[in-house]
Structures are given as C-alpha cells and as structure tokens.
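A short write-up of the structure that comes next.
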Amino acid sequence: MNIVVCVKYVPDAQSDRTFNDSDKTTDRESVDGLLSELDEYAVEEALKLVEAGEGEVTVVTVGPDQAADAVKKALQMGADKAVHISDEAIHGSDAPATSLVLAEAIKKIGSPDLVLCGLASTDGTMSVVPAMLAERLGLPQVTQASELSVEGDAVKIRRDGDVASETIEASLPCLVSVTDQINEPRYPSFKGIMAAKKKPVETWTLADLGVDAGQVGLDNSWTKVLEFTKRPPREQGEIVKDEGDGGSKLAEFLASRKFI
Amino acid sequence: MRLTDDHRDFRASVRNFVDTEVNPHVDEWEREGIFPAHELFPKAAEVGLLGIEYDPEYGGEGADHSFQMIAAEELGRCDAAGVSMAIGVQSMMATPSLARLGTHEQKQQFLAPAIAGTSVAAIGVTEPDTGSDVSRLRTRARRDGDDWVIKGRKLYITNGKQADWVCLLARTSDEGGYKGMSQIIVPTDTPGFSVARTLDKMGNRCSDTAELVLDEVRVPVANTIGEAGRGFQQQMHQFVIERMFAAYSAVGACDKALARTRQFVQEREVFGTPLATKQHVAFRLAELQSEVDLLRSHNLVVCETQLAGEDITRLASVAKLKAGRLIREVADACLQFHGGMGYIEETWTARFMRDVRLSSIGGGADEVMLQVLARLDGLPA
Numbered sequence: 002m003n004i005v006v007c008v009k010y011v012p013d014a015q016s017d018r019t020f021n022d023s024d025k026t027t028d029r030e031s032v033d034g035l036l037s038e039l040d041e042y043a044v045e046e047a048l049k050l051v052e053a054g055e056g057e058v059t060v061v062t063v064g065p066d067q068a069a070d071a072v073k074k075a076l077q078m079g080a081d082k083a084v085h086i087s088d089e090a091i092h093g094s095d096a097p098a099t100s101l102v103l104a105e106a107i108k109k110i111g112s113p114d115l116v117l118c119g120l121a122s123t124d125g126t127m128s129v130v131p132a133m134l135a136e137r138l139g140l141p142q143v144t145q146a147s148e149l150s151v152e153g154d155a156v157k158i159r160r161d162g163d164v165a166s167e168t169i170e171a172s173l174p175c176l177v178s179v180t181d182q183i184n185e186p187r188y189p190s191f192k193g194i195m196a197a198k199k200k201p202v203e204t205w206t207l208a209d210l211g212v213d214a215g216q217v218g219l220d221n222s223w224t225k226v227l228e229f230t231k232r233p234p235r236e237q238g239e240i241v242k243d244e245g246d247g248g249s250k251l252a253e254f255l256a257s258r259k260f261i
Numbered sequence: 011m012r013l014t015d016d017h018r019d020f021r022a023s024v025r026n027f028v029d030t031e032v033n034p035h036v037d038e039w040e041r042e043g044i045f046p047a048h049e050l051f052p053k054a055a056e057v058g059l060l061g062i063e064y065d066p067e068y069g070g071e072g073a074d075h076s077f078q079m080i081a082a083e084e085l086g087r088c089d090a091a092g093v094s095m096a097i098g099v100q101s102m103m104a105t106p107s108l109a110r111l112g113t114h115e116q117k118q119q120f121l122a123p124a125i126a127g128t129s130v131a132a133i134g135v136t137e138p139d140t141g142s143d144v145s146r147l148r149t150r151a152r153r154d155g156d157d158w159v160i161k162g163r164k165l166y167i168t169n170g171k172q173a174d175w176v177c178l179l180a181r182t183s184d185e186g187g188y189k190g191m192s193q194i195i196v197p198t199d200t201p202g203f204s205v206a207r208t209l210d211k212m213g214n215r216c217s218d219t220a221e222l223v224l225d226e227v228r229v230p231v232a233n234t235i236g237e238a239g240r241g242f243q244q245q246m247h248q249f250v251i252e253r254m255f256a257a258y259s260a261v262g263a264c265d266k267a268l269a270r271t272r273q274f275v276q277e278r279e280v281f282g283t284p285l286a287t288k289q290h291v292a293f294r295l296a297e298l299q300s301e302v303d304l305l306r307s308h309n310l311v312v313c314e315t316q317l318a319g320e321d322i323t324r325l326a327s328v329a330k331l332k333a334g335r336l337i338r339e340v341a342d343a344c345l346q347f348h349g350g351m352g353y354i355e356e357t358w359t360a361r362f363m364r365d366v367r368l369s370s371i372g373g374g375a376d377e378v379m380l381q382v383l384a385r386l387d388g389l390p391a
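Just so you know, the protein sequences line up as chains A and B, in that order. Using this note's numbering, the letters of the first sequence correspond one by one to residues 2 to 261. Using this note's numbering, the letters of the second sequence correspond one by one to residues 11 to 391.
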C-alpha cells in the first residue's frame with residue numbers, strides 16, 4: 002500500500018508566536034519551527050500500516066526552505082521519501098491555494114492508495130485542507146479517525162463524537178484525517194536519524210507542478226487576515242483575605258461565575 | 011569538538027522521550043518507591059537509548075561516544091534522578107564490559123535483550139563491608155565442574171529488585187587484594203538468588219536500590235565476562251564509563267535547574283521588585299551557570315579523548331568530582347532562591363536537593379576521585 006502523508010512546518014507552539022506586521026502572515030522567521038505535532042499522528046499511522054503489510058510512505062509538505070525540517074523529522078521517524086514544494090510565490094497562500102498545490106503534488110507523486118492528514122495544523126488550526134484536498138483529488142474522505150484499519154480495498158475508521166462513536170467505511174483510494182487519539186507517535190531513534198540522511202527528498206517548484214503563480218500566494222488567496230491583536234495579558238487573580246469569612250467569600254465567587 | 015545537526019536531532023528525540031514518557035509519571039513513581047523498568051525500558055530502547063555505542067548485530071545503534079554524551083545530558087533532565095540513574099546503569103554501568111569483552115553467545119543471551127529493554131540489568135560490586143575499597147570484596151565464586159557456585163551479599167544495588175541479571179564482581183581465587191576477581195553474569199531467577207530488601211533512601215526514591223543475597227547460586231562458568239581473574243581491572247574500566255555518565259548527566263540537570271530558577275526569580279517579587287533584580291541573586295545564578303558551562307566544555311574534552319581511544323582516567327575523574335560538587339551547589343542555590351516554597355515537597359527543588367546528594371557518593375565518592383587524582387599526581391594518598 003502506498004501512502005502519502007501531508008505534513009506542515011509550523012512555529013513551535015512553545016515559542017512566542019506572532020504575525021508579520023507587513024503582510025499579516027504567520028511569522029516563520031523569528032521563532033523555531035517544527036513538524037506540526039498533530040501531523041506526527043498521521044505519519045505514525047502510515048508507518049504502522051506499511052510495516053504491517055508492504056508499500057511505502059511518502060511525506061509531502063508545502064512551505065519555505067526551513068520546512069525541510071518537517072519532512073526530515075518524518076523521514077527520521079521512518080517514512081521512505083519526501084517531497085517539499087517550495088516557491089516564493091506560495092508565500093501567504095490560504096487553505097484553498099495550499100490544497101491546490103498539495104493536490105497537484107500528490108498527482109505528480111502518483112496514485113496513492115491512501116492520503117493521510119493530521120487533524121489540523123497547530124498554527125492555522127483551520128482543519129479544512131483535508132476536505133479541500135479530497136475534493137480536488139476526487140477522493141472519498143473520512144475525517145477525525147481515532148482508529149483506522151484497512152481491509153481489502155476499503156478503509157474502516159472510528160470517529161468519536163460527543164454522544165456516539167461512528168464506524169465508517171470508505172473504499173480505497175481515499176483520504177483520511179486522524180486525531181491525536183489514534184496512536185502514540187514514535188521518537189526518531191539514532192538509527193532513524195542516520196537513515197533519514199540517505200532517503201530521497203525532492204524539492205519542487207510551482208513550475209514543476211504546472212501550477213500558475215496567479216492561483217496561489219497572498220494576493221490570490223480567497224481569504225485575508227485584515228488585522229491581528231495580541232491576546233491581552235492574563236489579569237491578576239482576585240485575592241480574598243480570610244477574615245473568618247473566607248469560605249463564604251469563596252462560595253460567593255464560585256456562585257457568581259456559575260461554577261456552583 | 012563541534013556538535014552537528016545529527017546531535018541536535020538526537021537530543022530533541024531524547025528530550026521528547028524524557029518529557030513524555032518519564033516526567034509526567036515521576037511523582038507517582040516517587041510515591042511508590044519504584045518505577046516500572048520493564049515498561050519504561052522498551053520505550054527507551056525505541057529511541058536507541060540503551061545501546062547507543064553497541065554493535066548493531068545485537069540491536070545497538072552503532073553510534074560514537076558523542077551521542078552517548080548527548081543522551082546522558084538529556085537524561086539529566088529527568089525530574090527524578092532515580093530514573094536517569096537506572097537508565098545509566100543499564101546503558102553505561104552494567105553492560106560496557108559485556109559489550110567490550112563478552113562472547114557472541116553471551117551478547118545474544120544478555121546484551122541484546124538489555125539493549126531492547128526487555129531485560130533489566132544491574133551492576134553488583136558494593137558489599138555491606140566494601141564500598142569504595144573494592145579490594146575488600148568478599149563474595150566468593152567457587153568452581154565446581156563447569157559451574158561457579160557463588161556465596162555472598164551485595165548492597166546498594168540500583169535496579170536490584172527489578173533486575174533480570176546482574177553483572178557481578180566476585181572472588182574466583184584466594185589471591186586476595188585486587189587479584190583473583192571475575193565478572194560473572196548472574197540471572198536473578200537462579201535458585202539461591204534473592205532480594206533481601208529494597209532500601210529506604212534519602213533521595214532517588216523511585217529507584218529500586220536493593221540488598222542482594224547469593225546463597226550457593228550456581229551459574230555456568232560460561233557466564234564469565236572476559237578473563238577470569240581480571241574482574242577488578244575490567245570493572246575499573248566500567249567504573250570510568252560510569253564517571254562519564256555522572257558528569258554528562260549533571261550538565262543537563264544543572265542547566266534545567268538553573269533555567270527554572272532564572273524564570274522563577276524573574277516572576278517572584280520581593281519588596282516590590284522581581285527577585286532577579288537583587289544583584290546577589292543574579293550574580294550567583296550567572297556564576298553557577300558559568301561553572302556548568304565550564305563542566306560542559308570539559309565534558310567535550312572527555313568525549314573527544316574517549317573517541318580518540320586514549321586513556322580518560324584523569325579527565326573522567328576530574329569531571330565526576332566537579333560534577334558531584336557543582337550539582338550540589340546548584341541544588342542548594344536553587345532551593346535557597348525559592349525560599350520557603352523551595353523547601354516544600356511540591357516544589358521541584360526539594361526532590362532535586364535530595365536526589366543530587368548522591369552525586370558525590372555514588373559511582374565513586376569525591377574522596378575516591380581525589381585519591382585517584384592525587385596518585386596520578388605522584389602523591390602517596
């Protein structure tokens with residue numbers, strides 16, 4: 002089974018993330034980036050499926066030069082090869098434009114049996130690229146898989162909702178997005194880190210994909226960030242001095258916030 | 011020596027392991043007085059932590075010593091030193107002789123499962139009357155046909171309760187002193203082997219440190235590591251590797267403790283300003299960090315010298331001595347600057363203070379390091 006996993010290079014959530022003042026895109030320069038943690042689950046699931054049978058795992062990412070780090074991590078975990086689409090013209094692309102580039106890249110890679118995505122990126126957190134990608138590739142899509150198995154030419158997933166869990170089947174080829182409940186991603190071992198250095202990474206531009214620069218980028222995106230404001234600092238908590246009535250005051254506070 | 015992207019990536023992997031598989035669980039393990047070695051070690055093995063320098067034929071990573079240094083530094087960031095010590099015992103204290111001198115059969119039987127984390131190893135040297143002075147060792151292995159029959163006691167044995175096998179140092183002749191000792195692999199399910207008690211310790215509380223009793227324990231002579239009669243010399247070599255682990259992991263532990271304390275003193279206000287604005291506090295933390303930086307630099311020299319295959323006895327002993335003393339100073343300063351809160355168990359400083367006290371005792375006490383160094387300097391210590 003050949004699997005393509007879409008991964009994203011995102012600013013480290015532990016850092017002080019912000020936007021560029023000039024064009025209001027995500028600032029990817031001043032903070033360290035890494036493979037989106039939510040995508041690690043998709044990589045792990047792909048590795049498990051291939052290890053249980055046969056085939057190969059290809060990771061694909063769209064992003065600036067530094068995004069090579071994201072595919073490197075996936076290769077260190079055990080993916081077989083990677084494709085990195087990097088082109089100045091892609092800068093500032095929104096979800097529809099990103100899904101267009103990914104779709105053309107996946108077509109060029111070949112016809113995978115399965116396309117796996119994470120639940121969402123940890124920077125944009127839009128969670129819409131998998132659906133757009135499935136539409137562009139003409140594939141059935143099943144989302145939010147917390148369990149996944151392949152039986153014959155079908156994929157079966159469990160999707161946990163607030164009131165019920167659904168078991169859903171889709172015929173292959175298809176696209177599945179997975180949650181952070183589906184597995185425990187492995188850590189790259191020393192052997193994995195060394196092996197990754199010998200694995201093929203192809204770097205493609207828009208021209209390689211036949212995508213016109215006029216279809217992507219900040220100016221051609223359907224959505225725009227108009228303004229951003231920093232979240233206000235957390236306010237000082239209310240300190241209640243206990244003068245014999247501390248318990249009552251605490252109860253009043255909780256009641257005022259409708260906790261009790 | 012310059013560290014590469016490979017070192018950086020491996021460091022990230024080990025840190026992720028420590029932050030995910032160890033630190034969220036240590037409070038519980040500390041309360042219980044034991045950590046689940048048979049659950050944790052296979053996970054450590056997945057990262058490659060248990061066989062970094064060992065032969066890939068037995069599941070090792072085949073990496074050079076610099077990656078062992080990175081791993082040990084990161085293990086120093088465990089929030090309970092009992093866990094890092096246990097992993098250190100498995101990877102750098104109980105197995106180096108086996109990996110260096112063991113037969114193919116021994117490595118298949120004992121080293122491969124230790125690297126895979128499916129078996130837990132311990133190192134059995136110290137005895138009730140024999141700590142730093144190994145020449146007084148009394149545990150005796152008497153030869154009977156193709157077997158050793160072993161009688162004796164071993165004390166303060168890390169991983170003692172959970173171990174599947176012990177790399178045991180025992181007398182195999184009556185020559186006395188440093189002569190006539192051998193390293194023998196003793197599976198803990200051998201009749202006559204028992205754990206007398208696990209020890210209630212001041213620190214490293216999640217480590218199952220135990221007293222072992224060997225009462226006519228019969229193991230094949232084929233379990234002898236290297237050369238019979240050369241056990242002391244072989245063990246000395248293993249001890250030097252242990253010193254490196256202590257020095258490397260101290261850097262990781264000190265870095266983390268000082269970073270946490272720097273953050274705390276910037277947030278904590280005293281007399282209307284952050285504690286960090288007091289020059290004494292800022293200077294003390296800067297001074298300690300500079301000493302940690304110096305130890306890190308020295309460790310790089312230890313590592314380079316080890317990579318070059320040269321004698322590291324002096325360098326490793328200096329590193330161990332300095333690491334033990336420095337980490338105790340760091341723990342004391344971090345606790346002091348946390349004030350009353352630092353003395354409370356729920357603040358990390360309290361456990362850290364208790365755990366690091368062992369650094370100047372275990373793996374060769376400060377005084378043993380000083381004796382080694384004094385003798386190397388030609389003094390009759």
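All C-beta atoms, glycine included, are put in the ideal place defined by N, C-alpha and C. These numbers come from a predicted model, not from an experiment.
What alpha helix (DSSP H) runs, 4 residues minimum, are completely inside the segment 206-259 of chain B?
Those alpha helix (DSSP H) runs which fall completely within the segment 206-259 of chain B and span 4+ residues do not exist here.
So if DSSP puts Pro197 of chain B in a beta bridge, which residue, or which two residues, is it bridged to?
Partner(s): B:Trp175.
Let's test the definition: count the other Cβ atoms within 10 Å of the Cβ of Pro52 of chain B and tell me whether it reaches 16, buried, or not, exposed.
So Pro52 of chain B ends up on the exposed side.
Going along chain B, which residues have a C-beta under 8 angstroms from Arg235 of chain A?
Those do not exist, as Arg235 of chain A stays about 13 angstroms from chain B at its closest Cβ, beyond 8 angstroms.
List, in chain order, every chain B residue whose beta-carbon is nearer than 7 angstroms to that of Lys49 of chain A.
Those within 7 angstroms of Lys49 of chain A in chain B number zero; the least Cβ separation is about 13 angstroms.
Go ahead and pull the three-state DSSP assignment for Leu36 of chain A.
Reduced to three states, the DSSP call for Leu36 of chain A is strand.
As an exercise, report each continuous alpha helix (DSSP H) stretch of at least 4 residues that is fully enclosed by the segment 49-86 of chain B, in chain order.
List check, alpha helix (DSSP H) in window: 75-85.
On the criterion of 16 or more Cβ atoms from any shown chain inside 10 Å, does Thr62 of chain A qualify as buried, or is it exposed?
Buried.
Are at least three pairs of beta-carbons, each pair with one atom in the segment 164-181 of chain B and one in the segment 113-130 of chain B, less than 8 angstroms apart?
Cβ pair count under 8 angstroms is three or more, so yes.
Can a CB atom of chain B be found closer than 9 angstroms to the CB of Ile240 of chain A?
So, not an interface residue.
Nearest CA to the CA of Phe20 of chain B: which residue from A:Ala208, A:Lys192 and A:Ala75?
Ranking A:Ala208, A:Lys192 and A:Ala75 by Cα distance to Phe20 of chain B puts A:Lys192 first.
Under 8 angstroms: do the segment 38-48 of chain B and the segment 58-73 of chain B share three or more Cβ pairs, one atom per stretch?
No, they do not touch.
Cutting at 6 angstroms between CB atoms, please list the residues of its own chain near Ile160 of chain B, excluding the five before and the five after it.
The residues are Ala151, Ala180, Leu224 and Val227.
Pull the bridge partners of Ile167 of chain B from the DSSP assignment, please.
DSSP, once it has assigned bridges, lists B:Ala220 as partnering Ile167 of chain B.
Using a Cβ cut-off of 9 angstroms, which residues of the segment 72-91 of chain A contact any Cβ in chain B, in chain order?
Per Cβ criterion, the list reads Lys73, Lys74 and Gln77.
What three-state label does DSSP hand Ser128 of chain A in the structure shown?
If DSSP states are grouped into helix, strand and coil, Ser128 of chain A belongs with coil.
Given a threshold of 16 other Cβ atoms within 10 Å of its Cβ, counted over all protein chains shown, does Thr59 of chain A qualify as buried or as exposed?
It is buried - the Cβ of Thr59 of chain A has at least 16 other Cβ atoms within 10 Å.
From the beta carbon of Pro392 of chain B, is the nearest beta carbon of chain A less than 9 angstroms away?
What the structure shows of chain B is the stretch from 11 to 391, and residue 392 of chain B is not part of that stretch, so it cannot be assessed.
Check the C-beta distance from Glu252 of chain B over to Gly334 of chain B and give it rounded, since I have them as a contact under 8 angstroms.
Between Gly334 of chain B and Glu252 of chain B the Cβ distance is about 12 angstroms, and since that is not below 8 angstroms, they are no contact.
Exposed or buried, what is Ser23 of chain A when buried is set at 16 or more other beta-carbons lying within 10 Å of its beta-carbon?
Per the 10 Å Cβ criterion, exposed.
Would the beta-carbon of Ser327 of chain B fall within 9 angstroms of that of Val382 of chain B?
Yes, the pair counts as a contact, with Cβ atoms nearer than the cut-off.
If the cut is a Cβ gap below 9 angstroms, which residues of chain A does Ser23 of chain B touch?
Per Cβ cutoff of 9 angstroms: Gln77, Tyr188, Pro189, Ser190, Phe191, Gly193 and Ile194.
Does the beta-carbon of Tyr353 of chain B have 16 or more other beta-carbons within 10 angstroms, so that it is buried, or is it exposed?
By the 10 Å Cβ count, Tyr353 of chain B comes out exposed.
What is the DSSP secondary structure of Arg148 of chain B, reduced to helix, strand or coil?
Three-state result, Arg148 of chain B: coil.
Quick check on Leu149 of chain A: buried or exposed, where buried means 16 or more other Cβ atoms within 10 Å of its Cβ?
The residue is buried, with at least 16 neighbouring Cβ atoms inside 10 Å.
Residues of chain A with CB under 9 angstroms from Glu71 of chain B, in chain order?
Here the neighbours are Ser190, Phe191, Lys192 and Met195.
With distances taken Cα to Cα, identify the nearest neighbour of Leu13 of chain B among B:Ile62, B:Arg41 and B:Ile80.
Nearest C-alpha to Leu13 of chain B: B:Ile80.
Establish whether the CB of Lys231 of chain A and some CB of chain D are separated by less than 9 angstroms.
Within the model displayed, chain D is absent; protein chains A and B are what it includes.
For the segment 84-104 of chain B and the segment 204-215 of chain B, state whether three or more C-beta atom pairs, one from each stretch, are separated by less than 8 angstroms.
Yes: the two stretches touch, three or more of their Cβ pairs being nearer than 8 angstroms.
Just grab the DSSP bridge partners of Phe20 of chain B for me.
For Phe20 of chain B, which the question treats as bridged, DSSP gives no partner whatsoever.
DSSP three-state label for Tyr10 of chain A, please.
In the structure shown, Tyr10 of chain A sits in a strand (DSSP, three-state: E or B).
Run the CB neighbour count on Ile183 of chain A, radius 10 Å, all protein chains shown included, and call it buried at 16 or more, exposed below.
Burial call: buried.
Going along chain A, which residues have a C-beta under 7 angstroms from Val57 of chain B?
Per Cβ cutoff of 7 angstroms: Tyr188 and Ser190.
Identify which residue in B:Ala82, B:Gly187, B:Arg110 and B:Pro390 has its Cα closest to the Cα of Asp99 of chain B.
In the sequence under discussion, the amino acid at residue 99 of chain B is Val, which differs from the Asp named in the question. The option with the nearest alpha carbon to Val99 of chain B is B:Ala82.
Just to make sure I have the definition right: I need the residues of chain A whose C-beta is within less than 7 angstroms of the C-beta of Ile62 of chain B. Which are they?
Going along chain A in sequence order, the residues near Ile62 of chain B (Cβ under 7 angstroms) are Phe191.
Taking a contact to mean a Cβ-Cβ separation below 9 angstroms, would you say Lys82 of chain A touches Glu57 of chain A in this structure?
Yes, the Cβ-Cβ distance between Lys82 of chain A and Glu57 of chain A is below 9 angstroms.
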